[in-house]
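Everything on this sheet refers to the single structure shown next.
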Amino acid sequence: MAFDRRTFIGTTAATGAAVALAGATSTPAAAAQQDAGKQGPRTYAFTVMGTTDLHGNVFNWDYFTDKEFDDKAHNDVGLAKISTLVDQVRAEKGRRNTLLIDAGDTIQGTQLSYYYAKVDPITARRGPVHPMAQAMNAIGYDAAALGNHEFNYGIPVLRKFEEQCDFPLLGANALDAKTLKPAFAPYSMHRLRTPCGRDVKVAVLGLTNPGIALWDKANVQGRMTFPGLEEQAAKYVPKLRSMGADVVIVSAHSGSSGTSSYGDQLPYIENAAALVAEQVPGIDAILVGHAHTEIPEYRVKNKSTGKDVVLSEPLKWGQRLTLFDFELTWEKGRWSVAKVAAKVLNSNTVAEDAKITRLLSDEHRKVVAYVNQVIGTSTQAMSSAEGPVKDVAIIDLINHVQAETVKTALAGTEWAALPVLSQASCFSRTAAIPAGQVTIRDAAGLYPFENTMEARLLTGAQLKDYLEYSARYFVRTAPGDAVDPAKLTNAEAIPDYNYDAVYGLAYDIDIAQPAGSRISGLSFQGKAVAPAAQFVLAVNNYRASGGGNFPHVPQAKQLWSNSDEIRNTIIQWVKAKGTIDPAQFASVDWRLTRAGVPVF
131 MAFDRRTFIG TTAATGAAVA LAGATSTPAA AAQQDAGKQG PRTYAFTVMG
181 TTDLHGNVFN WDYFTDKEFD DKAHNDVGLA KISTLVDQVR AEKGRRNTLL
231 IDAGDTIQGT QLSYYYAKVD PITARRGPVH PMAQAMNAIG YDAAALGNHE
281 FNYGIPVLRK FEEQCDFPLL GANALDAKTL KPAFAPYSMH RLRTPCGRDV
331 KVAVLGLTNP GIALWDKANV QGRMTFPGLE EQAAKYVPKL RSMGADVVIV
381 SAHSGSSGTS SYGDQLPYIE NAAALVAEQV PGIDAILVGH AHTEIPEYRV
431 KNKSTGKDVV LSEPLKWGQR LTLFDFELTW EKGRWSVAKV AAKVLNSNTV
481 AEDAKITRLL SDEHRKVVAY VNQVIGTSTQ AMSSAEGPVK DVAIIDLINH
531 VQAETVKTAL AGTEWAALPV LSQASCFSRT AAIPAGQVTI RDAAGLYPFE
581 NTMEARLLTG AQLKDYLEYS ARYFVRTAPG DAVDPAKLTN AEAIPDYNYD
631 AVYGLAYDID IAQPAGSRIS GLSFQGKAVA PAAQFVLAVN NYRASGGGNF
681 PHVPQAKQLW SNSDEIRNTI IQWVKAKGTI DPAQFASVDW RLTRAGVPVF
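Taking the working numbering, the leading residue of the sequence shown gets 131, the next gets one more, and so forth.
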């Protein structure tokens with residue numbers, strides 16, 4: 131917060147008015163107009179840099195594989211790479227002519243961020259400073275919007291992270307449930323010094339995802355509420371303009387597609403950034419987050435003004451850095467935006483910034499040592515590579531641990547006699563359990579999300595619907611057509627984590643049939659499943675709260691819930707058992723077929 135270009139405005143109108151007044155008197159507008167008349171129109175250019183969905187990535191490192199990150203496109207990840215790009219842009223543009231913002235999902239996603247939330251928590255007395263706060267402070271972020279994953283570890287962890295940041299965490303639609311006043315700063319105001327005219331005042335409005343109310347219900351219910359993005363933008367943008375903002379930028383943890391993966395469960399649109407641009411006048415640009423897609427530049431025409439609003443979403447985990455380039459003109463005593471353009475820079479084109487890697491080298495070493503702790507052994511190697519198209523042992527392991535945990539939890543209750551089933555997805559096609567020694571990172575790699583577990587009561591008919599919905603994931607393939615496993619999945623752009631296999635039931639999925647008519651031979655312990663039969667389903671909280679818009683589960687009776695991450699439950703199970711033996715839990719209970727003939 132040392133740079134005089136950064137002036138954070140609190141949530142009160144009085145504070146905002148005071149700072150706005152100070153900005154207005156810094157350079158007499160009349161003198162600037164006089165100069166402009168003598169020398170022609172004055173112009174000023176500046177750049178706003180943006181990241182989003184960093185998800186705890188500082189280093190170009192994959193803690194689940196314990197090696198440098200790489201993917202098919204040879205992308206790199208992490209704030210250390212972003213720092214190098216930021217330094218290059220600041221050197222080119224002039225540091226005073228730049229701002230750096232983020233669109234949320236910062237403190238969850240890697241074992242580095244997990245370690246400092248759960249193992250050596252920042253909330254402990256004399257606890258450490260979060261690595262993401264250290265890195266972002268060192269790089270010099272000006273503001274960051276709240277993401278939905280900021281709430282995964284509970285509000286105390288988020289508040290401590292907020293306290294450790296030298297920049298504001300913004301969320302105009304994160305409200306206190308009792309007062310309906312902002313629970314976080316809604317916006318920040320930043321002043322850029324110019325060679326002519328008065329300073330340029332840039333407002334950054336932060337908007338987060340209303341799905342938090344569902345996805346982190348246990349952490350926020352009764353404490354915070356999350357109205358729609360359009361509603362809060364319509365409230366704040368005129369206010370920011372009245373406070374003297376020359377430029378209004380929205381940092382929105384919300385995709386641009388206008389869709390929601392939660393159906394009726396989510397009363398507000400999940401991916402509303404483009405709708406905000408279209409419906410709320412007075413916005414110049416939107417930094418988009420949440421969707422994990424790359425959008426270098428996307429223009430949306432505002433219905434009221436007819437002006438283009440420029441949107442950009444940099445790829446997740448620090449793989450890209452967005453640049454919004456603004457050109458302003460001084461006319462009639464005020465700055466006006468003449469042009470906005472956006473593009474993204476690829477972090478794989480630069481080296482990591484040694485300043486950042488040195489700063490956090492101790493934290494990195496601690497986490498590497500932690501994830502490489504041996505917790506047990508496995509009698510054989512298991513891989514998730516074929517998990518999307520085959521019933522594989524490694525997914526059975528997740529399901530077996532979940533089902534066993536729920537059975538133990540329900541023992542002695544009225545539900546103890548009911549059969550327990552479990553759902554799981556192939557979260558990573560590269561997850562593996564080696565033969566021999568098994569480490570924390572091996573077990574944790576099976577479940578890269580901080581999901582917790584619940585038990586819900588479902589009927590046989592509801593489970594059939596659930597499986598039919600899940601089976602939409604497969605591309606319809608006629609009998610006799612060639613089968614390429616690489617092209618068989620992700621129909622309708624359904625991600626792997628939204629295809630569930632249900633453990634404890636046997637069934638066929640006929641991919642020659644249309645979606646909705648694919649499940650056949652549904653049975654439990656060799657007998658056909660009766661529509662009215664009752665089952666307990668061990669299910670993650672994402673699915674239970676409506677994630678993926680699967681039928682029945684969100685409305686089903688909750689029999690039990692747990693606050694511990696499923697990932698941790700798997701780790702503790704392996705520690706307790708000592709040995710993983712697939713012969714004790716793995717079996718082929720579902721298969722892909724065409725006209726009754728197995729595909730594989």
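Beta carbons: idealized from backbone N, C-alpha and C, even for Gly.
Test item: CB-CB of residue i and residue j under 8 Å
{"i": "Asp614", "j": "Ser213", "result": "no"}
{"i": "Ala265", "j": "Leu299", "result": "no"}
{"i": "Ile639", "j": "Leu722", "result": "yes"}
{"i": "Tyr245", "j": "Lys462", "result": "no"}
{"i": "Asp232", "j": "His420", "result": "no"}
{"i": "Ala511", "j": "Ala471", "result": "no"}
{"i": "Ala333", "j": "Met354", "result": "no"}
{"i": "Val410", "j": "Val377", "result": "no"}
{"i": "Lys446", "j": "His422", "result": "yes"}
{"i": "Leu588", "j": "Leu652", "result": "no"}
{"i": "Leu359", "j": "Phe314", "result": "no"}
{"i": "Val439", "j": "Ala407", "result": "yes"}
{"i": "Gln449", "j": "Ser477", "result": "yes"}
{"i": "Tyr500", "j": "Val249", "result": "yes"}
{"i": "Arg697", "j": "Tyr577", "result": "yes"}
{"i": "Thr509", "j": "Pro712", "result": "yes"}
Simplified DSSP state of residue i, which is helix, strand or coil
{"i": "Ile505", "result": "strand"}
{"i": "Leu215", "result": "helix"}
{"i": "Met266", "result": "helix"}
{"i": "Ser243", "result": "helix"}
{"i": "Tyr366", "result": "helix"}
{"i": "Ile285", "result": "helix"}
{"i": "Ala407", "result": "helix"}
{"i": "Val380", "result": "strand"}
{"i": "Glu443", "result": "strand"}
{"i": "Thr389", "result": "coil"}
{"i": "Trp545", "result": "coil"}
{"i": "Thr538", "result": "helix"}
{"i": "Lys202", "result": "coil"}
Expected contact under 8 Å - CB spacing of residue i and residue j to nearest Å
{"i": "Ser386", "j": "Glu400", "result": "At roughly 11 Å, the Cβ-Cβ gap does not stay under 8 Å, so Ser386 and Glu400 are not in contact."}
{"i": "Asp455", "j": "Ala175", "result": "7 Å"}
{"i": "Val79", "j": "Thr177", "result": "There is simply no residue 79 to check, as the chain begins at 131 and stops at 730 in what is shown."}
{"i": "Tyr398", "j": "Pro340", "result": "4 Å"}
{"i": "Gln592", "j": "His682", "result": "4 Å"}
{"i": "Thr338", "j": "Gly224", "result": "That belief does not hold up - the Cβ atoms of Thr338 and Gly224 are roughly 32 Å apart, past 8 Å."}
{"i": "Leu451", "j": "Leu475", "result": "5 Å"}
{"i": "Arg323", "j": "Arg226", "result": "6 Å"}
{"i": "Ala546", "j": "Gly634", "result": "Incorrect: roughly 16 Å between the Cβ atoms, too far for contact."}
Length of the line joining the Cα atoms of residue i and residue j
{"i": "Ala585", "j": "Ser600", "result": "19 Å"}
{"i": "Met373", "j": "Ile269", "result": "29 Å"}
{"i": "Ile505", "j": "Phe579", "result": "20 Å"}
{"i": "Arg559", "j": "Lys469", "result": "44 Å"}
{"i": "Trp703", "j": "Val531", "result": "7 Å"}
{"i": "Gly678", "j": "Lys537", "result": "25 Å"}
{"i": "Tyr193", "j": "Pro325", "result": "47 Å"}
{"i": "Leu215", "j": "Asp200", "result": "19 Å"}
{"i": "Thr582", "j": "Asn670", "result": "6 Å"}
{"i": "Val718", "j": "Asp521", "result": "5 Å"}
{"i": "Thr569", "j": "Ser513", "result": "15 Å"}
{"i": "Ala515", "j": "Ala573", "result": "16 Å"}
{"i": "Ala304", "j": "Glu280", "result": "12 Å"}
{"i": "Val632", "j": "Ala554", "result": "7 Å"}
{"i": "Asp526", "j": "Ile700", "result": "12 Å"}
{"i": "Lys197", "j": "Trp191", "result": "6 Å"}
{"i": "Lys473", "j": "Ala382", "result": "17 Å"}
{"i": "Lys211", "j": "Phe557", "result": "26 Å"}
{"i": "Ala166", "j": "Trp460", "result": "Confidence at Ala166 is low in this model, with a pLDDT of 42, below 50, so its placement is unreliable and the value that follows should be read with caution. Looking at the two C-alpha atoms, the distance is approximately 8 Å."}
{"i": "Thr619", "j": "Ile641", "result": "10 Å"}
{"i": "Lys290", "j": "Thr253", "result": "6 Å"}
{"i": "Ala343", "j": "Gly352", "result": "10 Å"}
{"i": "Ala662", "j": "Asp626", "result": "30 Å"}
{"i": "Pro171", "j": "Gly208", "result": "41 Å"}
{"i": "Thr181", "j": "Phe189", "result": "15 Å"}
For this session: Jot down the residue ranges of each uninterrupted alpha helix (DSSP H) in the region 554-600, minimum 4 residues, whole runs only, in chain order.
Result: 570-574 and 590-600
Exercise. Which runs of the beta strand (DSSP E) fall wholly inside the region 289-335 and span at least 3 residues, in chain order?
Worked result: 317-322
For this session: Pick out the complete beta strand (DSSP E) segments inside the region 644-696, 3 residues or longer, and give them in chain order.
Result: 649-654, 664-670 and 687-695
Problem set entry | Segments of 4+ residues assigned as alpha helix (DSSP H) that fall wholly inside the region 453-525 | 484-489 and 491-501
For this session: Quick one: which unbroken beta strand (DSSP E) runs of 3-plus residues sit fully inside the region 412-437? Chain order, please.
Result: 415-418 and 425-431
For this session: Starting from the N-terminal side, write out each stretch of the beta strand (DSSP E) that is 3 residues or longer and does not extend beyond the region 610-643.
Result: 631-633 and 636-640
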